[in-house]
Amino acid sequence: MESFGEALRRLRGDLSIRGLARRANCSPSYISALEFGKNIPSSAVVSALDAALGAGGELIRLHDMEVGPTERREALGLIGIVLGGASGALPATDGLERIRMLVERRLGGPDLGFWEEVAWEHAHGVGAHPATDGIGRLSADVLALETALTHVKGNPPAWARVRTRLLYLLAYALGSAGREHESRHWWAAARRAAVAAGDDMRAFVVAQEAIQALYEKRPLTLVLSRAGEALAGDRPSVARARALGARAHAKVLLGDLAAAYADLDEQARVFDRLPADVTSDAASAEGWPVTRLLHSRSLVYTLAGHPRAAAAQAEAVAAYPSAAVRPIAQIRLHEAMSAVRGGEVVAGLAHAEQALTAAQSAGYSHYVRQLATMVADQAPAGHEALHSFRDRVAGLRGGMS
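Numbering-wise (the UniProt record's numbering), the sequence shown opens with residue 1 and increments by one.
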């Protein structure tokens with residue numbers, strides 16, 4: 001669509017900028033800035049230019065479409081902030097974000113490299129901090145990107161990939177914070193966005209959704225469907241490794257231990273074929289280091305009551321750096337599950353309490369809460385130590401971060 005500035009240049013034709021400035025009672029430099037999209041004209045200026053060029057309302061209609069009532073109010077708000085600058089007051093964070101988006105809209109086309117960096121930073125932050133910490137920032141960047149995309153022609157795959165990454169990271173963060181209902185809507189948005197982002201990106205999204213769905217107690221048929229979608233190809237990838245772990249988890253819950261163990265074996269083979277930059281990336285949500293392989297095995301062996309469950313748990317704990325508080329706490333909950341199932345109810349619940357205390361320092365996640373619930377589910381109903389532990393677990397929702 002032709003922009004306001006382009007239409008202004010076309011309608012001006014052979015008339016000089018100075019000539020138009022005299023007719024519309026504007027400065028030549030201001031009209032020049034309008035033609036290059038560097039200023040937001042007021043309605044009065046647009047009407048004057050439209051009348052001076054005999055445009056019959058064309059410029060007014062373009063201005064209304066391009067700028068719109070909301071942006072006009074934002075522009076006036078900016079003027080108010082500038083005029084009130086002497087007070088020394090700064091606008092609230094939300095106001096600053098709106099101002100930033102307004103400025104970006106006026107600067108022209110968005111910068112793909114910048115948005116790729118934004119997605120990269122969120123991928124590194126989403127698992128490193130308490131879940132709720134990143135939701136506000138992610139939401140603001142999703143909104144800002146959608147605004148920026150209105151200036152991108154078509155739907156280029158590179159932009160679709162950035163959009164998909166931000167959407168799935170927001171879905172993941174919401175799910176980790178226990179906001180399952182909202183999370184599902186964002187997973188659906190990420191799947192739709194991934195259609196234009198390539199098969200590998202769609203596989204990545206549905207594989208991660210399958211894992212999160214297990215902790216949200218969504219139907220196992222849905223988990224298997226998402227995992228199956230991610231496993232449609234046979235190329236080694238993070239998506240394939242994740243999907244195999246999700247399917248193994250679902251299979252063990254269905255009692256198909258042989259299929260679950262087979263998926264773990266295939267997962268190990270996929271890991272051996274992943275690029276070094278992927279297996280060495282322990283910092284982002286898009287890497288797949290050996291700790292994730294061992295974590296997956298620990299969980300499935302624990303749920304299955306495998307004879308080597310304790311060894312798998314110990315191997316997983318040993319692989320993590322001591323600073324990885326939350327994932328280590330999750331493995332400790334695997335250990336607690338095994339202890340309670342083996343009849344050591346009091347000791348197992350005490351071990352789980354210690355794990356929850358450790359996890360609290362890093363911020364609880366929905367995964368921690370669900371694992372703690374699974375520990376409690378292993379204990380005989382009515383056991384005297386169970387009531388206080390379930391109360392502790394129930395209280396995690398309010399304190400989850």
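For each residue, glycine too, the CB sits at the ideal point set by N, CA and C.
Counted within 10 angstroms of its Cβ, other Cβ atoms place residue i as buried (16 or more) or exposed
i: Glu209; result: buried
i: residue 416; result: No answer is possible for residue 416: the residues shown for the chain start at 1 and end at 401.
i: residue 423; result: Given a span of 1 to 401 for the chain in the structure shown, any question on residue 423 remains unanswerable.
i: Leu15; result: exposed
i: Ser296; result: buried
i: Ala362; result: buried
i: Ser365; result: buried
i: Ala86; result: Because Ala86 sits at a pLDDT of 43, beneath the cut-off of 50, its placement in the model cannot be relied upon, and the following sentence gives the value as read from the coordinates. Exposed is the call here.
i: His122; result: buried
i: residue 404; result: The question about residue 404 has no answer, for the chain in this structure spans 1 to 401.
i: residue 407; result: This structure does not reach residue 407, given that the chain is present from 1 up to 401, and the question cannot be answered.
i: Pro219; result: exposed
i: Leu233; result: The amino acid at residue 233 is misidentified as Leu; the sequence shows Gly. So Gly233 ends up on the exposed side.
i: Ser298; result: buried
i: Arg242; result: buried
i: His306; result: buried
i: Arg369; result: buried
i: Val321; result: The residue asked about is misnamed: residue 321 is Pro in this sequence, not Val. Exposed is the call here.
i: Phe36; result: exposed
i: Arg326; result: buried
i: Leu90; result: With a pLDDT of 47 at Leu90, under the threshold of 50, the predicted position of this residue should be treated as unreliable, and no value is reported.
i: Gly88; result: Any reading at Gly88 is ruled out, since the residue's pLDDT is 46, under 50, leaving its predicted position unreliable.
i: Gly136; result: exposed
i: Ala379; result: buried
i: Ala276; result: exposed
i: Gly13; result: exposed
i: Gly343; result: exposed
Candidates the options: closest to residue i by CA position
i: Arg269; options: Val290, Ala283 and Ala250; result: Val290
i: Asp64; options: Gly54, Ala52, Ala44 and Leu53; result: Ala44
i: Val126; options: Leu220, Leu143, Ser32 and Ala282; result: Ala282
i: Asp272; options: Gly305, Pro236, Leu333 and Ser322; result: Pro236
i: Gly57; options: Leu8, Ser32 and Arg22; result: Leu8
i: Gly255; options: Glu229, Ala158 and Val300; result: Val300
i: Ala160; options: Asp200, Ala173 and Tyr172; result: Asp200
i: Leu112; options: Ala158, Arg390, Ile60 and Arg179; result: Ala158
i: Ala381; options: Val345, Gly305 and Gly37; result: Val345
i: Val206; options: Ala309, Lys217 and Ser225; result: Ser225
i: Leu356; options: His383, Ala394, Gly343 and Gly342; result: Ala394
i: Gly228; options: Ala250, Lys217 and Glu216; result: Ala250
i: Ala324; options: Ala385, Arg292 and Ala258; result: Arg292
i: Leu257; options: Val223, Thr221, Val142 and Ala304; result: Ala304
i: Gly178; options: Leu386, Phe389, Lys217 and Leu143; result: Lys217
Rounded distance between the beta-carbons of residue j and residue i, thought under 8 Å
i: Val252; j: Trp288; result: No, Val252 and Trp288 are not in contact; Cβ-Cβ is about 21 Å, not under 8 Å.
i: Gly5; j: Leu34; result: 6 Å
i: Ala55; j: Leu20; result: Going by Cβ atoms, the distance from Ala55 to Leu20 rounds to 11 Å, so no, they are not a contact pair.
i: Ala319; j: Ala358; result: Not really, about 17 Å apart at Cβ, beyond 8 Å.
i: Ala119; j: Val162; result: 5 Å
i: Gly115; j: Leu145; result: Reading the sequence as shown, one finds Trp at residue 115 and not Gly. Trp115 to Leu145, Cβ: 6 Å. Contact.
i: Ala246; j: Leu274; result: Their Cβ separation, rounded to whole angstroms, is 17 Å, which puts Ala246 and Leu274 out of contact at 8 Å.
i: residue 407; j: Ala203; result: Residue 407 lies beyond the residue range present for the chain, which begins at 1 and ends at 401; the question has no answer from this structure.
i: Tyr172; j: Ala248; result: The pair is not a contact, with the Cβ atoms about 20 Å apart (cut-off 8 Å).
i: Ser3; j: Glu66; result: 6 Å
i: Leu244; j: Gln267; result: 4 Å
i: Leu222; j: Leu170; result: Contact doesn't hold; Cβ gap of about 20 Å is too wide.
Same chain only: Cβ atoms within 7 Å of residue i, ignoring 5 sequence neighbours per side
i: Val278; result: Val238, Gly287 and Trp288
i: Leu371; result: Gln330 and Leu333
i: Ser47; result: Ile60
i: Ile31; result: Ile17, Leu20 and Ala21
i: Ala193; result: Ala160, Arg163, Thr164 and Leu167
i: Ser310; result: According to the sequence displayed, residue 310 carries Ala and not Ser. These residues qualify, in order along the chain: Ser338.
Cut-off 6 Å between Cβ atoms - residues of its own chain near residue i, not counting five sequence neighbours on either side
i: Ala148; result: Pro110
i: Asp133; result: none
i: Gln212; result: Gly175
i: Ala347; result: Ala339
Close beta carbons around residue i, own chain, < 8 Å, minus the five adjacent residues each side
i: Arg308; result: Tyr301
i: Leu396; result: Leu356, Tyr364, Val368, Arg369 and Ala372
i: Arg10; result: Glu2
i: Leu62; result: Glu2, Ser3, Phe4 and Ala7
i: Ser280; result: Gly287 and Pro289
Neighbour flag for residue i against chain B, beta carbons, 8 Å
i: Ala173; result: Absent from the structure is chain B; it holds one protein chain and no more.
* Asked: Is the segment 263-273 in contact with the segment 312-330, if contact means three or more CB pairs nearer than 8 Å?
  -> no
* Looking at C-beta atoms only, is the number of pairs between the segment 171-187 and the segment 150-159 that lie closer than 8 Å three or more? -> no
* Asked: Touching or not, the segment 339-359 and the segment 163-172, by the rule of three or more beta carbon pairs under 8 Å?
  -> no
* To do: Could you say if the segment 335-342 and the segment 368-376 meet the contact criterion of at least three C-beta pairs nearer than 8 Å?
  => yes
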